[in-house]
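S.K.: The opening position of the sequence shown corresponds to residue 2 in the working numbering, with each subsequent residue numbered one higher. From the three backbone atoms N, C-alpha and C, an ideal C-beta is built for every residue, glycine too. Note that the coordinates shown come from a computational prediction; the quantities given were computed from them, not determined experimentally. This is the structure, below, for whatever I ask next.
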Amino acid sequence: MEITSLVFLAFVGVTFIVYYLIPKKYQWVVLLSASLLFFVTSSALLTLYMLFTTAVIFFGAKGIQKYKDEFAKKKKELPKPERKVLKEQLKKKQKKILILCVAVVIAVLVLTKYCNFLGGIVNGIASIFTSTDLLPKFNILLPLGISYYTLMSVSYITDVYRGTIKAEVNPLRVLLFVCYFPHIVEGPFDRYGDLDRQFRTPHKFDYDKIRHGAILVMYGCFKKLVIADRIGFFLPKTFAKIDNYSGTAVFIGMVLYTFQLYADFSGCIDIISGVSEMFGIKVAENFKQPFFSKSIDEFWRRWHISLGAWLKEYVFYPVSLSGHFKKVNTFTKKHIKSQHIVGFITIAYTLFFVWFCNGLWHGASWLYIVYGLYYYVLMMLGKFTEPYTDKLAKKLHINKESKGYSVFQVARTVVIVNVGMLLFRSSTLVEFGKLFGKMFTSINFMDFCSIIKFQDGVVLAVGFVVMLLVGIIKEKGIDIRMWLIEHNFVIRWLVYYFLLFSTIILGAYGVGYGGAAAIYAQF
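If you want it as structure tokens, here you go:
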């Protein structure tokens with residue numbers, strides 16, 4: 002069920018009507034029922050994977066909470082030394098439960114998503130000694146949203162272990178958190194404490210909030226159907242025949258793919274966020290004008306924000322607090338005098354795991370791992386050379402606070418991201434090397450006309466201008482939807498009609514167009 006399809010819109014419409022008609026204390030039950038129906042119709046028996054994951058984290062969290070409650074009950078009766086011993090004993094038991102449950106949940110993800118990738122590594126090593134594969138390839142169907150709900154499940158049981166939240170006593174509420182239908186396919190990654198509080202809150206029919214969400218849904222459909230799916234219709238054909246084109250075509254294709262991916266992913270997130278707002282639910286922010294970023298680090302704080310936040314909370318911090326990291330930190334401080342080098346090594350050590358996991362999460366392939374490490378290496382190069390580039394800028398009298406330098410930084414980041422997206426789009430590292438090299442071999446601006454039809458070019462140009470204007474307004478800190486609502490009737494409805502009818506008339510769907518699945522849904 003694609004989130005831009007009429008079936009999905011009808012599904013949301015029926016859920017919306019029932020949600021606001023029934024007694025408010027049962028609204029969460031409506032969302033749970035709709036989510037399970039959405040899941041079952043999309044995944045059928047594969048829903049069992051999700052139910053198993055939910056059961057593991059529910060009972061695991063209850064076990065952890067039991068030990069927490071036991072300590073809270075006994076600590077007042079015990080003297081300080083015995084209290085400390087009991088706390089350590091119970092903490093170890095909690096940690097064992099956490100490790101076991103996280104291992105089981107991750108094992109399910111590995112079994113379904115990474116089985117053949119790991120098998121390929123084993124066979125590659127075995128090929129040194131034998132000509133036959135040790136492990137066969139398995140045709141395993143990937144459950145809907147497993148990459149998303151697995152990480153959210155890990156966050157739930159980890160938060161219970163840390164004491165950030167208490168374990169939920171009702172398994173159905175945990176199930177709703179795991180399978181909430183708007184964000185199961187593409188995220189964003191939410192935390193239990195944030196969502197559950199909203200699920201428990203009674204939501205009255207609020208016209209302003211519903212209108213607020215509907216505007217975001219319309220804008221998301223515009224980006225997805227008019228821009229992303231239009232590019233997705235002709236761009237794959239171009240890359241399939243790239244040998245017939247010049248290096249200019251590769252460059253155009255790279256830029257168009259970046260534009261497509263952003264319009265597709267952010268458009269789907271807008272639909273997800275808008276639908277949730279219509280139910281009175283605020284999901285995590287996932288995009289914040291990423292192409293206005295002045296550095297790679299800033300770009301990833303604005304792009305797929307919730308994934309970055311998850312990696313920071315559940316990978317970066319645990320690695321930073323690990324015993325092995327402390328040994329590395331102690332060793333570097335003892336043997337290296339330069340504070341800059343010491344700081345660089347410690348941050349490089351922790352961020353390696355973050356970016357390795359970032360790449361691996363996107364797909365079971367060395368290509369995606371290299372994609373993650375591509376940004377890691379560039380980020381570390383920038384970090385390492387920062388003192389030297391600062392000195393060089395002073396010598397050359399370059400004002401880093403000037404508008405001109407800011408434009409240079411944004412342009413540099415856009416170039417780096419586009420190259421990264423070319424890598425992301427490639428099937429193999431060899432193909433990426435071939436495409437990247439070809440960009441510098443020949444120039445033929447007529448390829449632009451061969452790739453993009455005139456009418457497509459006009460539509461994409463208008464779409465780009467719309468997205469750019471919206472981005473500029475939001476970058477200035479203006480809530481564009483509130484700004485629109487507060488404007489006069491004529492302007493407001495002109496925008497509504499533009500979004501609605503441009504999507505209906507210019508959207509890439511229907512006869513001659515194949516249904517385009519959301520790009521990030523495959524991850």
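Identify, in the order they occur along the chain, each residue of the same chain with its Cβ nearer than 6 Å to the Cβ of Ile228, setting aside the five sequence neighbours on each side.
M.R.: Ala264, Gly464
S.K.: Is there contact here, the stretch 207 to 223 with the stretch 235 to 251, by at least three beta-carbon pairs under 8 Å?
M.R.: no
S.K.: Should the stretch 71 to 83 be regarded as contacting the stretch 138 to 147, the criterion being three or more beta carbon pairs within less than 8 Å?
M.R.: With the cut-off at 8 Å, the stretch 71 to 83 and the stretch 138 to 147 do not touch.
S.K.: For Val466 and Gly275, what's the separation of their Cα atoms in angstroms?
M.R.: Distance between the alpha carbons of Val466 and Gly275 is about 22 Å.
S.K.: Please name the residue or residues paired with Leu304 in a DSSP beta bridge.
M.R.: Checking the sequence shown, residue 304 turns out to be Trp, not Leu. According to DSSP, Trp304 shares a beta bridge with Phe288.
S.K.: Here's a check: name, in chain order, each residue in its chain whose Cβ is nearer than 8 Å to the Cβ of Phe326, leaving out the five neighbours to either side.
M.R.: Val320, Thr347, Tyr350, Thr351
S.K.: May I have a chain-ordered list of the alpha helix (DSSP H) segments no shorter than 4 residues that lie completely inside the stretch 422 to 471?
M.R.: 430 to 439, 448 to 452
S.K.: How many angstroms separate the CA atom of Phe409 from the CA atom of Glu89?
M.R.: 54 Å
S.K.: So, is Phe39 buried or exposed, given that buried needs 16 or more other C-beta atoms within 10 angstroms?
M.R.: buried
S.K.: Counting pairs of beta carbons, one from the stretch 183 to 198 and one from the stretch 279 to 292, are three or more of them closer than 8 Å?
M.R.: yes
S.K.: Is the beta carbon of Gly268 sitting closer than 7 Å to the one on Gly221?
M.R.: yes
S.K.: Whose C-alpha, out of Glu402, Phe9, Ile282, is nearest the C-alpha of Thr202?
M.R.: Ile282
S.K.: Nearest by alpha-carbon distance to Tyr376: which of Phe260, Phe354, Phe499 is it?
M.R.: Phe354
S.K.: What ranges does the alpha helix (DSSP H) occupy inside the stretch 202 to 233, keeping only unbroken runs of at least 4 residues that lie completely in it?
M.R.: 208 to 222
S.K.: Could you give the C-beta distance for Ser154 and Thr54, rounded to a whole number, given that I count them as a contact under 8 Å?
M.R.: 5 Å
S.K.: So, for Ser427: in the same chain, excluding its five sequence neighbours on each side, which residues have a beta-carbon less than 8 Å away from its beta-carbon?
M.R.: Leu368, Phe433, Leu436
S.K.: Provide the residue span of the alpha helix (DSSP H) that contains His325, from first to last.
M.R.: 324 to 336
S.K.: Using a Cβ-Cβ cutoff of less than 8 Å, which residues in the same chain neighbour Leu7 once the five nearest sequence positions on both sides are dropped?
M.R.: none
S.K.: What residue range does the alpha helix (DSSP H) around Ala168 cover?
M.R.: Note, Ala168: premise wrong, no alpha helix (DSSP H); not H, not E.
S.K.: Compute the Euclidean distance between the alpha carbons of Leu233 and Gln261, then round it to the nearest angstrom.
M.R.: Per the sequence shown, the amino acid found at residue 233 is Gly instead of Leu. Going by the C-alpha atoms only, they are around 7 Å apart.
S.K.: Would you tell me roughly how many angstroms separate the C-alpha atoms of Leu424 and Thr259, rounded to the nearest one?
M.R.: 11 Å
S.K.: Taking 7 Å as the cut-off, decide whether the C-beta atoms of Met440 and Phe252 are in contact.
M.R.: yes
S.K.: Identify the continuous alpha helix (DSSP H) that holds Thr159 and give its terminal residues.
M.R.: 147 to 163
S.K.: Could you check whether Phe59 and Pro172 sit closer than 7 Å to each other, using their CB atoms as the reference points?
M.R.: Yes.
S.K.: Output the boundary residues of the alpha helix (DSSP H) element that contains Tyr369.
M.R.: 367 to 396
S.K.: If you drop the 5 nearest sequence neighbours on each side, which residues of the same chain put their C-beta closer than 7 Å to that of Val15?
M.R.: none
S.K.: Excluding sequence positions up to five away, which residues of its chain have a Cβ less than 7 Å from the Cβ of Cys116?
M.R.: Hits under 7 Å: Phe139, Ile141.
S.K.: Would Ser43 pass as a contact of Leu145 if the rule is Cβ separation under 7 Å?
M.R.: yes
S.K.: Helix, strand or coil, according to DSSP, for Met2 in the structure here?
M.R.: coil
S.K.: Cα separation between Arg413 and Gly508?
M.R.: 32 Å
S.K.: Indicate the three-state DSSP secondary structure (helix, strand or coil) for Lys26 in the structure shown.
M.R.: Of the three classes helix, strand and coil, the one that applies to Lys26 here is helix, per DSSP.
S.K.: Going by other Cβ atoms of all chains shown within 10 Å of its Cβ, with 16 needed for buried, is Gly438 buried or exposed?
M.R.: exposed
S.K.: How big is the Cα-Cα spacing for Leu374 and Asp197?
M.R.: 35 Å
S.K.: Output needed for Arg482: all residues of its chain with C-beta closer than 6 Å, excluding positions within five of it in sequence on either side, in chain order.
M.R.: Cβ within range, chain order: His213, Ile216.
S.K.: Quick check on DSSP: helix, strand or coil for Val276?
M.R.: helix
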